[in-house]
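Participant:
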Amino acid sequence: MCYIYPFLFLRLDSMKELHKTNRQQHEKHLQSRVDSTRAIERLEGSSGGIGERYKFLQEMRGYVQDLLECFSEKVPLINELESAIHQLYKQRASRLVQRRQDDIKDESSEFSSHSNKALMAPNLDSFGRDRALYQEHAKRRIAEREARRTRRRQAREQTGKTADHLEGLSSDDEETSTDITNFNLEKDRISKESSKVFEDVLESFYSIDCIKSQFEAWRSKYYMSYKDAYIGLCLPKLFNPLIRLQLLTWTPLEAKCRDFENMLWFESLLFYGCEEREQEKDDVDVALLPTIVEKVILPKLTVIAENMWDPFSTTQTSRMVGITLKLINGYPSVVNAENKNTQVYLKALLLRMRRTLDDDVFMPLYPKNVLENKNSGPYLFFQRQFWSSVKNSEYGDDSIKKAQNVINCFPKQWFMNLKGERTISQLENFCRYLVHLADTIYRNSIGCSDVEKRNARENIKQIVKLLASVRALDHAMSVASDHNVKEFKSLIEGK
């Protein structure tokens, strides 16, 4: 027995060591379990965000694919409607231009006998047309033309503008009731067709607000992926067909045309990308609306300039100038000389004006004795054609520069041996234009600031000098007297 006790003590110590080791292992496993649980929870939390992001981007991918598929079907329909409305306006513009050209030919034929009757065959007019047949058609046009002139004259009398008016300055834009009815019927038909383009499509695929909301959510939640996908560069092209559909009947040449900045698409996109967080310097969404103006509005105006605008129409031209200045002042980043679409638009304006000069500007030539009778038909026709040729010139500094350039082309010998206060008879109409210009500048300055009034007075003095430079002293004195130009003598001597 005395040998057993030492063995038992050794066995007990061994078991205690083993127990201690097992307990430490147990504690280690418990700690490892706690750490693993925490790691799992942490990873589950982080993978939850990645999963949500993945799900969102997959949904956006599907949405965009469906949207593009929808547009691939609907854009050709929008193009057809756009072509139809442009053709409708083009036909109306061409009809009015053709009517004006026919009116000019009618009056020219009527008065051509005063200058070249002996040179024409008895059965042909000055344009080589069968006289009897043409006159049958001309009678109706003459009656309609004179009726329109009478109505315009009565409208001026009611507004008190008769005294300032010169024949040829007004625009003959009036249409017959039949033409107006037919135009409106076709326009309404196209508008109804446009409202049916997306009738079989969910709102989320044609509403600008809904589409915008989808991409705003992407931008707000996952901006870096939004930026990496170049969504900001794609949005103008994506909204393009929807905006063109809203602009289908938009024509700034018309009196009641709505400002495009007050349209639903503009108001919807006005604050796109303007969330509370700090905006990056290279954020292309800032240029969303200017880019749409460049890619949608400018091409639309180019079509209008090419096919609808009549430079001979004072009202249309003033409205065309107005919308152009609005774009230049409001969107200088895109509407400038370096922009390709701006260059195309300005070229369209230039070519349309050149075509008008080539096809529509006509100055009849009559012997002096024919024009001496200021109540004769040839004289009135000549005056009307003269004023219709200069009426679209903008009054002000630019007009004075133009007049100065014209005068610079005159040989000085024309005026060297003139006696009295009158210039040569051939410049009488030109001088009357300058007198009219001075009166207009004065009227436009009424109610303006002192600076603008001083500028107007300087312009009138310049006109006095121009009149004196061509020896039209009678007109120069008249302008000086009417506008109280006291420096008349010094202006004459300083010419």
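All letters in the sequence shown, in the order written, are residues 1 to 495 by the UniProt record's numbering. Idealized CB from N, CA, C, for every residue including glycine. In this text the structure is predicted, and so the values were computed from the model without any measurement.
Given a cut-off of 7 Å on the beta-carbon distance, is the pair Arg148 and Asp173 in contact?
Facilitator: The residue you call residue 148 lines up with position 148 of the sequence shown. The residue you call residue 173 lines up with position 173 of the sequence shown. Result no, Cβ atoms of Arg148 and Asp173 do not sit closer than 7 Å.
Participant: Using the rule of at least 16 other Cβ atoms within 10 Å of the residue's Cβ for burial, across every protein chain shown, is Lys117 buried or exposed?
Facilitator: What you label residue 117 is simply residue 117 of the sequence shown in a count that begins at 1. Note that Lys117 scores a pLDDT of 45, beneath 50, so its modelled location is shaky; the value from the coordinates is reported in the next line. Exposed, because fewer than 16 other Cβ atoms sit within 10 Å of the Cβ of Lys117.
Participant: Any contact between the region 464–480 and the region 401–419? By contact I mean 3 or more CB pairs, one from each, below 8 Å.
Facilitator: Counting Cβ pairs under 8 Å, three or more are found: they touch.
Participant: Distance, Cα to Cα, Lys90 vs Leu57?
Facilitator: Looking up residue 90 in the sequence shown gives position 90. Looking up residue 57 in the sequence shown gives position 57. When rounded, the distance between both Cα atoms is 46 Å.
Participant: Assuming Tyr222 contacts Arg53 under a Cβ cut-off of 8 Å, what Cβ separation, rounded to an integer in Å, is found between them?
Facilitator: For the purposes of this step, residue 222 is taken as residue 222 along the sequence shown, with counting starting at 1. For the purposes of this step, residue 53 is taken as residue 53 along the sequence shown, with counting starting at 1. Indeed, because the Cβ distance is near 6 Å, the residues count as touching under 8 Å.
Participant: Out of Asp360, Leu245, Leu380, state which residue places its alpha-carbon closest to the alpha-carbon of Gln101.
Facilitator: Counting from 1 along the sequence shown, the entry for residue 101 is found at position 101. Nearest option by C-alpha distance: Asp360.
Participant: Decide if Ala121 is buried, meaning its Cβ has at least 16 other Cβ atoms within 10 Å, or exposed.
Facilitator: Sequence index remark: in the sequence shown, residue 121 carries index 121 (1-based). In this prediction, Ala121 has a pLDDT of 48, which is less than 50 and means its spatial position is unreliable; what the coordinates show is noted afterwards. Burial call: exposed.
Participant: Using a threshold of 6 Å, is the CB atom of Arg148 nearer than that to any non-hydrogen atom of the ligand NAD?
Facilitator: The ligand NAD is not part of this structure, which contains no ligands at all.
Participant: Check the C-beta distance from Ala77 over to Val197 and give it rounded, since I have them as a contact under 8 Å.
Facilitator: In the sequence shown, residue 77 corresponds to position 77, counting from 1. In the sequence shown, residue 197 corresponds to position 197, counting from 1. Sequence inspection shows Leu at residue 77; the Ala mentioned does not correspond to that position. Indeed, because the Cβ distance is near 5 Å, the residues count as touching under 8 Å.
Participant: Per DSSP, what kind of secondary structure is Arg355 in: helix, strand or coil?
Facilitator: Residue 355 sits at position 355 when you count from the first residue of the sequence shown. It is helical.
Participant: Taking C-beta to C-beta, are Pro378 and Phe111 nearer than 7 Å?
Facilitator: To locate residue 378, count along the sequence shown from 1; it is residue 378. To locate residue 111, count along the sequence shown from 1; it is residue 111. Yes, the pair counts as a contact, with Cβ atoms nearer than the cut-off.
Participant: Taking only runs that begin and end inside the region 359–418, name each unbroken alpha helix (DSSP H) of 4 or more residues, in chain order.
Facilitator: The region 359–418 contains these whole alpha helix (DSSP H) runs: 368–371, 377–390, 397–408, 413–416.
Participant: Determine the extent of the alpha helix (DSSP H) in which Cys210 is found, giving its start and end residues.
Facilitator: The count along the sequence shown starts at 1 and reaches residue 210 at position 210. Start and end: 208–221.
Participant: Can you give the Cα-Cα distance for residue 538 and Tyr331, rounded to whole angstroms?
Facilitator: The structure shown does not extend to residue 538, since the chain spans only 1 to 495, so no value can be given for it.
Participant: Examine the Cβ distances between the region 326–341 and the region 296–311 and report whether three or more of them are shorter than 8 Å.
Facilitator: Cβ pair count under 8 Å is three or more, so yes.
Participant: Just tell me which of Asp450, Ile492, Phe362 has its CA closest to the CA of Glu421.
Facilitator: One-based indexing of the sequence shown puts residue 421 at position 421. When only C-alpha atoms are compared, the closest one is Ile492.
Participant: I need the straight-line Cα distance from Ala217 to Leu325, nearest angstrom please.
Facilitator: Stepping through the sequence shown from its first residue, residue 217 is reached at position 217. Stepping through the sequence shown from its first residue, residue 325 is reached at position 325. For Ala217 and Leu325, the distance between alpha carbons rounds to 36 Å.
Participant: Should the region 478–487 be regarded as contacting the region 430–450, the criterion being three or more beta carbon pairs within less than 8 Å?
Facilitator: Short answer: they touch.
Participant: Below 8 Å, how does it come out for the region 187–202 and the region 242–254: are there three or more Cβ pairs, yes or no?
Facilitator: The region 187–202 vs the region 242–254: in contact.
Participant: Closer than 8 Å is the cut-off here; do at least three beta carbon pairs connect the region 341–359 with the region 80–96?
Facilitator: No: the two stretches stay apart, fewer than three of their Cβ pairs being nearer than 8 Å.
Participant: Counting C-beta neighbours from all protein chains within 10 Å, is the total for Lys105 16 or more, i.e. buried, or is it exposed?
Facilitator: In the sequence shown, residue 105 corresponds to position 105, counting from 1. Classification of Lys105: buried, given that the 10 Å Cβ count is 16 or more.
Participant: Put Cys431 into one of helix, strand or coil per three-state DSSP.
Facilitator: The residue you call residue 431 lines up with position 431 of the sequence shown. Correct three-state label for Cys431: helix.
Participant: Considering only residues of the same chain and omitting the five flanking positions on each side of His483, which have a CB-CB separation below 8 Å?
Facilitator: Taking the first residue of the sequence shown as 1, we reach residue 483 at position 483. Ala438, Tyr442, Arg457, Ile460.
Participant: Quick one: is Ser425 buried, meaning 16 or more other Cβ sit within 10 Å of its Cβ, or exposed?
Facilitator: Your numbering for residue 425 matches position 425 in the sequence shown. Under this definition Ser425 is an exposed residue.
Participant: So for Asn339, helix, strand or coil by DSSP?
Facilitator: The sequence position of residue 339 within the sequence shown is 339, counting from 1. Coil, per DSSP.
Participant: If I follow the unbroken alpha helix (DSSP H) through Cys234, where does it start and stop?
Facilitator: By 1-based counting over the sequence shown, the position of residue 234 is 234. Residues 231–246.
Participant: Would you grab the beta carbon distance between Thr317 and Asn392 for me? Rounded to a whole angstrom, and I think it's under 8 Å.
Facilitator: Position 317 of the sequence shown, counting from 1, holds the residue named residue 317. Position 392 of the sequence shown, counting from 1, holds the residue named residue 392. Yes, Thr317 and Asn392 are in contact; Cβ-Cβ is about 5 Å, under 8 Å.
Participant: Going straight from the alpha carbon of Arg42 to that of Gly51, what length do you get?
Facilitator: Position 42 of the sequence shown holds residue 42. Position 51 of the sequence shown holds residue 51. Each residue's alpha carbon lies about 14 Å from the other.
Participant: By Cβ distance below 7 Å, which residues in the same chain neighbour Ile463 in space, the five residues on each side in sequence not counted?
Facilitator: Here the question's residue 463 lines up with position 463 in the sequence shown. Hits under 7 Å: Ile400, Leu434, Leu437, Ala438, Val479.
Participant: Look at the Cβ atom of Leu253, then the Cβ atom of Arg319, and state whether they are nearer than 7 Å.
Facilitator: Looking up residue 253 in the sequence shown gives position 253. Looking up residue 319 in the sequence shown gives position 319. It is a contact, given that the beta carbons lie within the stated cut-off.
Participant: In chain order, what residues of the same chain have a beta carbon less than 6 Å from the beta carbon of His475, not counting five sequence neighbours either side?
Facilitator: On the sequence shown, position 475 is the one that residue 475 refers to. If we look at His475 and ignore the five residues flanking it on each side, its Cβ neighbours are Cys431, Val435, Leu467.
Participant: Measuring straight from C-alpha to C-alpha, what distance separates Ile292 and Thr251?
Facilitator: Along the sequence shown, read from residue 1 onward, the residue named residue 292 stands at position 292. Along the sequence shown, read from residue 1 onward, the residue named residue 251 stands at position 251. Ile292 and Thr251: Cα-Cα distance of roughly 17 Å.
Participant: Any idea what DSSP makes of Tyr331, helix, strand or coil?
Facilitator: Locating residue 331 in the sequence shown gives position 331, counting from the first residue. Of the three classes helix, strand and coil, the one that applies to Tyr331 here is coil, per DSSP.
Participant: Given that a residue counts as buried once 16 or more other Cβ atoms are within 10 Å of its Cβ, and exposed if not, what is Tyr272?
Facilitator: Along the sequence shown, read from residue 1 onward, the residue named residue 272 stands at position 272. That one is buried.
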